[in-house]
Each structure stands twice: as C-alpha cells, then as structure tokens.
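Everything below concerns the one structure shown next.
Right, here's the structure in full:
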C-alpha cells in the first residue's frame with residue numbers, strides 16, 4: 001500500500017509539532033487511515049520478528065498468532081469494511097483495501113498453519129529469484145507437460161532447501177518410501193519437505209559446511 005510520501009515524511013519529522021500532526025490527519029483522512037493500517041500491520045510483523053529471533057517452535061508460533069496477531073487482523077478487517085466506501089473506487093487506497101477484503105480468507109491461512117510464513121519474501125528470494133536466473137532452461141522443456149514437470153522438481157528442490165534438507169538424500173528417501181507405500185494423501189503429507197516425520201539423517205545441520 002503506497003502512502004503519500006511528502007505527507008508521511010512531514011508527519012514523522014521530529015520537528016513537526018503535535019498540533020501540525022493533528023492538522024495533517026484532519027486535512028488528509030485517507031492518510032490517517034493508511035497510517036493506522038501501517039501501524040497495525042507493523043505490530044503483526046513485530047510479533048513475527050520476535051518469534052523468528054527466538055527461533056520459536058510451532059506451538060508457540062500458533063499461540064502468538066491466535067492470541068495476539070489474529071485480534072489485530074480482525075480489527076483491520078472491521079476498519080476496512082467500515083471505511084472503504086468513503087473513498088473513490090478508482091483510487092489506489094481503495095484498490096488496496098478491496099484486495100485485502102477479497103483475499104481475506106487466504107490471508108488468515110497462516111494463522112492456523114504455524115509452518116507457513118506471514119509473507120512470501122522467503123519464496124521470492126529462495127524460490128522465484130533462482131528460477132528467473134535460469135529461465136532460459138525452460139525453452140528446452142519442449143512441451144507444456146515437460147515445463148510442468150520441471151516446475152514440480154524445481155519446487156520440490158527449493159522447498160527441500162528452505163527446510164534444510166540434503167536434496168539427494170531427501171529424494172532418495174522419498175522415492176524409496178513411495179515404492180513401498182501407496183501414494184495416499186497421508187503418505188504425501190509425511191514425505192513433504194516440511195514434514196516433521198522425515199528422518200534426521202537427511203537434514204543439514206546448522207553447523208554443516210555442505
């Protein structure tokens with residue numbers, strides 16, 4: 001969500017008086033709402049930073065998200081529904097609010113799934129960027145099916161990397177298990193890179209130099 005740069009700078013300037021800040025909020029209602037939303041979103045990300053900093057477990061992450069982050073998100077949702085009709089539908093602020101409302105259920109998915117990150121920054125950095133750098137390889141897929149297969153393998157490799165798995169050991173283990181067990185949903189869930197059921201010997205330790 002893009003906020004008015006000049007107004008934002010003046011509002012947060014240390015030399016700006018409290019009276020001037022009140023005047024800014026009065027003269028720019030959209031800015032006031034944007035500022036509030038940014039502050040609320042900042043609180044949510046603040047909790048996430050603390051969880052990441054202390055390397056919190058899934059149970060603690062779930063507890064913090066349900067008890068501290070979810071109420072903030074609900075307040076944001078109520079606020080947006082309350083104010084979105086007050087702004088021109090063609091404006092960028094309205095577009096941002098409408099997007100949030102339409103994607104609301106998807107946004108809340110991370111709350112009940114502690115293994116999921118609050119943002120897609122990690123996948124953008126670890127998943128999308130490397131693929132963009134090798135996108136010319138897709139030209140040799142020869143078919144849609146080939147391109148889809150390539151993407152499936154690339155996704156699996158990236159997910160394994162993000163979960164600190166030795167990919168060669170991981171894929172060997174997964175294929176071995178699939179040769180023994182039927183490919184049920186339970187089996188697939190058990191073999192996904194983020195599964196807690198994977199053996200320790202296919203994981204790369206934090207101290208590993210591999």
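In full-length UniProt numbering, the protein residues as written are 1 to 210.
All residues carry an ideal CB built from backbone N, CA and C; glycine is no exception.
Computed from a predicted structure; not experimentally measured.
Beta-carbon separation (whole angstroms), residue 202 vs residue 173, contact threshold 8 Å: Taking the chain shown and counting its residues from 1, one reaches residue 202 at position 202. Taking the chain shown and counting its residues from 1, one reaches residue 173 at position 173. Between residue 173 and residue 202 the Cβ distance is about 5 Å, and since that is below 8 Å, they are a contact.
Is it a yes or a no for the stretch 21-28 touching the stretch 80-97, going by three-plus beta-carbon pairs under 8 Å? no
Please state if the CB of residue 70 and the CB of residue 111 are separated by a distance shorter than 9 Å. The count along the chain shown starts at 1 and reaches residue 111 at position 111. The count along the chain shown starts at 1 and reaches residue 70 at position 70. Yes; because the gap between Cβ atoms is below 9 Å, this pair is in contact.
Can you look up residue 165 in the DSSP assignment and give me helix, strand or coil? Against the chain shown, residue 165 aligns to sequence position 165. In this structure, residue 165 counts as strand in the three-state DSSP scheme.
Determine, using beta-carbon pairs with one atom in the stretch 162-169 and one in the stretch 140-153, whether at least three such pairs fall under 8 Å. no
Taking just the CA atoms, how far does residue 162 sit from residue 32? Your numbering for residue 32 matches position 32 in the chain shown. Your numbering for residue 162 matches position 162 in the chain shown. Their Cα atoms are separated by approximately 39 Å.
Does the separation of the CB atoms of residue 194 and residue 159 fall below 9 Å? The residue you call residue 194 lines up with position 194 of the chain shown. The residue you call residue 159 lines up with position 159 of the chain shown. Taking 9 Å as the Cβ cut-off, residue 194 and residue 159 qualify as a contacting pair.
Just to confirm, are residue 61 and residue 43 a CB contact at a threshold of 9 Å? Translated into the one-based positions of the chain shown, residue 61 becomes position 61. Translated into the one-based positions of the chain shown, residue 43 becomes position 43. Their beta carbons are not under 9 Å apart, which means residue 61 does not touch residue 43 by this criterion.
Would you mind reading off the limits of the alpha helix (DSSP H) that contains residue 77? For this step, residue 77 is matched to residue 77 along the chain shown. Here the alpha helix (DSSP H) through residue 77 covers 70-83.
Residue 48, buried or exposed, once every other Cβ within 10 Å from all chains shown has been counted against 16: On the chain shown, residue 48 is found 48 positions in, with the first residue counted as 1. Classification of residue 48: buried, given that the 10 Å Cβ count is 16 or more.
In this structure, how does DSSP classify residue 182 when only helix, strand and coil are distinguished? Along the chain shown, one-based indexing puts residue 182 at 182. Three-state DSSP puts residue 182 in coil, outside helix and strand.
Would you say residue 74 and residue 36 are within 9 Å of each other, going by their C-beta atoms? Residue 74 sits at position 74 when you count from the first residue of the chain shown. Residue 36 sits at position 36 when you count from the first residue of the chain shown. For residue 74 and residue 36, no; Cβs fall outside 9 Å.
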